[in-house]
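Under numbering that gives the first Met the number 0, residues 0 to 156 are what the sequence shown spells out, in order.
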Amino acid sequence: MSTAARIAFEEGRAYVQSPIDDMESFYWTAVWATLNNTKSLSTSDEEGDWKRWLATGKSDRILVAQEIKMLSQFPLPDRECSPFLAVMAPMLQKWWELLEDMNVKWRLAWKPVKVGPPLPKELLFHKFAYEVVPMYVELLEGEKARLQAFSQSGVAA
């Protein structure tokens with residue numbers, strides 16, 4: 000669940016889900032899968048903390064994204080982590096930055112149509128869906144060689 004949708008749910012507020020929420024939900028699933036990868040023989044104490052933070056609440060989840068960003072900026076040997084997290088961190092960082100940027104754009108675009116008729120809302124939703132999915136595919140394409148190399152060798156490049 001996206002951070003904004005989770006906050007609304009926890010506060011009992013109505014919320015209109017956006018394509019950005021969908022991509023953020025997918026991001027959190029990828030982070031969870033990365034941290035819980037059973038093929039990683041070693042994990043750091045930080046990774047154990049991050050797993051707990053993902054489960055506890057909205058602000059703790061944001062800390063996980065910030066920690067992954069730090070990890071990708073200061074990679075091994077300065078910081079210990081599992082090999083799979085080491086290879087995933089740069090992609091997860093880029094993905095989070097893309098989501099932050101698209102979320103700002105969504106909020107600015109949503110504001111004028113929020114209280115209007117349904118059609119402009121639907122068109123805006125589809126416009127953003129058609130923008131964000133290709134951005135994600137482009138991100139994966141840019142990381143493909145590095146991820147495949149790790150998949151074949153088991154060693155972070």
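Cβ coordinates follow ideal geometry from the N, Cα and C atoms, glycine included.
{"Item": "Segment contact flag, the segment 7-14 with the segment 117-131, C-beta cutoff 8 Å, min 3 pairs", "Value": "no"}
{"Item": "Nearest candidate by alpha-carbon position, reference asparagine 102, set Glu45, Arg5, Val15, Asp20", "Value": "Asp20"}
{"Item": "Nearest candidate by alpha-carbon position, reference leucine 84, set Glu96, Leu70, Trp94, Lys93", "Value": "Leu70"}
{"Item": "Close-in-space but distant-in-sequence residues of the same chain around serine 1 (CB under 6 Å, 5 per side omitted)", "Value": "Asp20, Glu23, Ser24"}
{"Item": "Glutamate 46 burial status per 10 Å Cβ neighbour count (16 or more: buried)", "Value": "buried"}
{"Item": "C-beta contact flag for tryptophan 94 and leucine 138 at 7 Å", "Value": "yes"}
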